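This report concerns only the one structure given below.
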Amino acid sequence: MTPTPQDALLNEFISYYNSDELELFIHDNLEEQADESAERMVHILGDRAVEVASLMREMAADPAHPFYRTICKRTMYDWDEDQDSWAKFQQLAQRVSDGITKATSG
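Counting with this note's numbering, you get residues 7 to 112 for the letters of the sequence shown.
As structure tokens, then:
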């Protein structure tokens, strides 16, 4: 059974962007990680990955977004703790969204 876009995105963050893993690449390889996340979302969700792209854009525009707060809690990483972390989340969200859009606009 295919997961919902929200479940797939939450699982992606728990698996690849948790506080233990994030420090390994947040400063040097965030773009590469984002590209891989976009590929995984398209592979898992197909055309429904566009819903993840939309959700990522919404969260990047609003740190009070309920799903964004869920991601912070479940990954034990507060992306809006400081301006640099929030900027990194916005970069990640934009890159994942753009990758999904490019892959699904075929």
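We put the CB at the ideal spot given by N, CA and C, even for glycine.
Note that the coordinates shown come from a computational prediction; the quantities given were computed from them, not determined experimentally.
Would you tell me roughly how many angstroms separate the C-alpha atoms of PHE19 and SER111, rounded to the nearest one? Looking at the two C-alpha atoms, the distance is approximately 24 Å.
Starting from the Cα of LEU36, find the closest Cα among ARG54, GLN96, ALA59 and give me that residue. GLN96
Give the DSSP-derived three-state secondary structure of HIS33 in the structure shown. coil
Own chain, CB closer than 6 Å to TYR23, minus 5 neighbours either side, in chain order: THR81
Buried versus exposed, by CB contacts within 10 Å (16 or more), GLY105: GLY105 should be labelled buried.
Spatially closest choice to ALA59 from TRP85, ASP88, ASP26, ASP41, by CA coordinates: ASP41 is the residue among TRP85, ASP88, ASP26, ASP41 whose C-alpha sits nearest the C-alpha of ALA59.
CA-to-CA distance, ASN17 to ALA55, given in whole angstroms: For ALA55 and ASN17, the distance between alpha carbons rounds to 14 Å.
Within 10 Å of its beta-carbon, does ALA66 have 16 or more other beta-carbons around it, so buried, or fewer, so exposed? buried
Where the alpha helix (DSSP H) through PRO11 begins and ends: Start and end: 11 to 22.
Taking the alpha-carbon positions, what's the ARG46 to LYS108 distance? 14 Å
Rounded to whole angstroms, what is the Cα-Cα separation between PHE31 and MET7? C-alpha separation (whole angstroms): 31 Å.
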